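Step one of this worksheet: look at the structure below.
Number of protein chains: 2
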Amino acid sequence: MHLLIIGAAGMVGRKLTERLITDGGLGERPVERLTLVDVVKPDHPADFSGRVDALDVDISQVGQAEKLIASRPDVIFHLAAIVSGEAELDFDKGYRINLDGTRYLFDAIRHAHEEDGYKPRVVFTSSIAVVGAPLPFPIPDDFHLTPLTSYGTQKAISELLLADYSRRGFFDGIGIRLPTVCIRPGKPNKAASGFFSNILREPLIGQEAILPVSDDVRHWHTSPRSAVGYLIHAASMDLDAVGSRRSLSMPGVSATVGEQIEALRRVAGEKAVRLIRRQPDDMIMKMVAGWAPGFEAKRATELGFKAEKNFDEIIRVHIEDELGGQI
Amino acid sequence: MHLLIIGAAGMVGRKLTERLITDGGLGERPVERLTLVDVVKPDHPADFSGRVDALDVDISQVGQAEKLIASRPDVIFHLAAIVSGEAELDFDKGYRINLDGTRYLFDAIRHAHEEDGYKPRVVFTSSIAVVGAPLPFPIPDDFHLTPLTSYGTQKAISELLLADYSRRGFFDGIGIRLPTVCIRPGKPNKAASGFFSNILREPLIGQEAILPVSDDVRHWHTSPRSAVGYLIHAASMDLDAVGSRRSLSMPGVSATVGEQIEALRRVAGEKAVRLIRRQPDDMIMKMVAGWAPGFEAKRATELGFKAEKNFDEIIRVHIEDELGGQI
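Chains as they are written, first to last, in our numbering: chain A, 1 to 327; chain B, 1001 to 1327.
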């Protein structure tokens, strides 16, 4: 199989690439070729015997998506996006990358389909930002999409396009509404949601972390490992069961910040918990108040998507995958 | 006030123009200027003392929307669209007019806003095609959007853009999900939904009409007069009460075809009913099976939008507005 990963240099893209190489295949079929694409050239993976093309391509530039589709990859993972905060600050950039880029890609596939019947699987990463307050808890699968950010709007629009292009038979699309990925590896970043990871990741390596919200804030999480698991399953599952409603809220772990901290205490002890410094931030608290507390994810669970059962597991996954299994 | 009507040559556009001239104003404010736009030049209205510009402009062509916004109209009615059937047959044309056209218009307003703080009211006609089967009856206001046509997809995307551009403060947008307009005046057309009007309009003038579906098909209707009423109310109402969920399912009349026919019998007698010829059409029956049977329209009703109470009224409105008050 030939797999194309757009957004391959990002955290999820890199982990997906690693996992595909480790597995050696997708479902029953061996992976022979990887095309890794991002706006910066992705690294060549070390231990893959097949062909790899690592390309710096911006699909939001007219004509670029066609080049990627010319080689007719069997599966396309479309992970590329401007994140929430940046899409809110730079209106034009957000719409260009998150909407136009997606549409150029989908149209390039459509034109290839019209040319020779090409019909790949397209796995698109959407987001829980497609819903907006007021929100019930848990949020049912058929809750209406009322995004309150430009990022969420762009993802909701892309979901609609994915469904329509799939319905017309141009490709087999499936949209994955990723929970907030926690614990994000690496350095603390400036994303407003960063503290959910920071308050666990930093104490696990003996560093202080700042908690800008109160302990009763409830949110919806998944580990990087599960996020990659969703994508793999979406790429290999039977799509007949999905029907016309092509985007799925993924299973995840709903937890309050207080419950996150209790899990940290159980896994890493009081010493770790003491490294969390409470420093309330009104702006972040206001933003977070509108975020999703958790989803039912009934359809996705029935369709075989899996996540951790609780935050202890999420922390253990981080220790296994990022800290060599010990703290 | 200066009002811009895009799609002014269509049935609803013409009736809206007439009504605005008859009323002489919008809410408390007099209408001094009308800019009437369509892909074919709209007719100059006869009895309007203010300034009228009638223009043939296609907003789906780059740079055209800017020309319309240059004069900074106070209210913009965006009614222009490729209809459902055509958008399904011509994929590119549907997306160009119904999506790109809308986005060019919204961006032209945004750029004007960034230039000088311009912030008009934007009234956008959406459609009940934003929902798709399986559908409950009645459909609640917060039912999720799962369009099953490219037209419905384009309208749902435009609703998302309307909400985001309004949230960012570029304009004051409101989206109106029009029920199927019945009785459409004029000749029978080829729209799959045309028979809902045909089976009433033609018998009322002594002509035969073909009914391609069974009597128990239930659908959601409003008169042309009420459709115009929604637009007028949307243009003049206080938008604070609408909040972030900017598109509203309008009130209407839910009726089966059998109930439509009974109303015809009450209003125009057995002679009219006998002009309906049953000629089942599998393709139309299949399409209609996925259409909306009716909406709760609770929010819109609370916000002051009004429709007929039953089909007898809808037929009487047609007789008053199109047949000089008698049959």
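Every residue, glycine too, gets a C-beta built ideally from N, C-alpha and C.
Since this is a predicted model, take the numbers as computed values, not measurements.
By the CB criterion at 7 Å, Gly-1175 of chain B and Val-1122 of chain B fall outside the cutoff.
Among the residues facing chain B, Leu-55 of chain A is not included, as its CB has no counterpart in that chain under 7 Å away. Residues Ile-1006, Gly-1007, Thr-1102, Leu-1105, Val-1122, Val-1123, Phe-1124, Thr-1125 of the same chain have their beta carbon placed closer than 8 Å to that of His-1078 of chain B, with the five preceding and five following residues left out of the count. Taking 9 Å as the Cβ-Cβ cut-off, the stretch 244-256 of chain A approaches chain B at Ser-244, Arg-245, given in chain order. Along the stretch 230-241 of chain A, there is no position whose C-beta sits under 8 Å from a C-beta of chain B. Taking a cut-off of 8 Å on C-beta distances, the stretch 193-200 of chain A does not touch the stretch 129-145 of chain A, as fewer than three cross pairs fall below it. Distance from the CA atom of Leu-1248 of chain B to the CA atom of Phe-1171 of chain B, rounded to whole angstroms, is 17 Å. When C-alpha distances from Lys-1286 of chain B are compared across B:Leu-1161, B:Glu-1028, B:Leu-1148, B:Arg-1246, the shortest belongs to B:Leu-1148.
With a contact defined as Cβ atoms closer than 8 Å, Asp-56 of chain A and Val-39 of chain A qualify at about 6 Å. Excluding the 5 residues flanking it on each side, Glu-1202 of chain B has same chain C-beta neighbours closer than 8 Å at Pro-1188, Glu-1208, Ala-1209, Leu-1275, in chain order. Against Ser-1150 of chain B, the close residues of chain A are Asp-164, Arg-168, in the order they occur along the chain (beta-carbon pairs closer than 8 Å).
In the DSSP assignment, Asp-172 of chain A falls within the beta strand (DSSP E) that extends over 172-178.
With 16 or more other CB atoms across the displayed protein chains lying within 10 angstroms of its CB, Lys-1155 of chain B is buried. As the crow flies, the alpha-carbon of Ser-127 of chain A is around 4 Å from that of Arg-177 of chain A. Secondary structure note for Arg-1033 of chain B: it is in no alpha helix (DSSP H), and the uninterrupted beta strand (DSSP E) holding it is 1033-1038. Residues of chain B whose Cβ lies closer than 8 Å to the Cβ of Ala-156 of chain A are, in chain order, Leu-1160.
Comparing C-alpha distances from Asp-47 of chain A to each of A:Gly-85, A:Lys-41, A:Val-288, A:Arg-33 shows the shortest one belongs to A:Arg-33.
With respect to the 7 Å criterion, Arg-277 of chain A and Ala-163 of chain A are not classified as neighbours on the basis of their beta carbons.
By the CB criterion at 7 Å, Gly-152 of chain A and Ala-133 of chain A fall outside the cutoff. With a beta-carbon spacing of about 29 Å, Phe-1311 of chain B and His-144 of chain A fall beyond the 8 Å limit used to define contacts.
For Arg-218 of chain A, the pairing in a beta bridge is given by DSSP as A:Thr-256. Residue pairing of Ser-1249 of chain B in beta bridges, as defined by DSSP: B:Arg-1177. For His-144 of chain A, the three-state secondary structure derived from DSSP is coil.
Beta-carbon to beta-carbon, Val-273 of chain A and Ala-307 of chain A are separated by about 24 Å, too far to satisfy the 8 Å threshold. Taking a beta-carbon distance threshold of 7 Å, His-1113 of chain B does not count as an interface residue toward chain A. Judged by DSSP in its simplified three-state form, Phe-305 of chain A adopts coil rather than helix or strand. The shortest CA-to-CA distance from Val-1083 of chain B to any of B:Arg-1072, B:Glu-1296, B:Gly-1010 is the one to B:Gly-1010.
Ser-71 of chain A is classed as exposed because its beta carbon has fewer than 16 other beta carbons within 10 Å across all chains shown. Per DSSP, reduced to three states, the secondary structure at Arg-1184 of chain B is coil, with no helix or strand assignment. Using a CB distance cut-off of 7 Å, His-1078 of chain B does not count as an interface residue toward chain A.
Non-local C-beta neighbours of Leu-231 of chain A in its own chain, meaning closer than 7 Å and more than five positions away in sequence, comprise Leu-16, Phe-77, Val-123, Ile-176, ordered along the chain. Per DSSP, the continuous beta strand (DSSP E) segment holding Phe-77 of chain A begins and ends at 75-78. Beyond the five residues adjoining it in sequence on each side, His-233 of chain A comes within less than 7 Å, by CB distance, of Gly-304, Phe-305 in the same chain, given in chain order.
With 16 or more other Cβ atoms inside 10 Å of its own Cβ, Pro-224 of chain A counts as buried.
Taking each of B:Phe-1295, B:His-1318, B:Gly-1290, B:Arg-1299 in turn and checking the Cα distance to Ala-1263 of chain B, the smallest one comes out for B:His-1318. The Cβ neighbour count for Ile-261 of chain A, taken over all protein chains shown within 10 Å, is at least 16; the residue is labelled buried.
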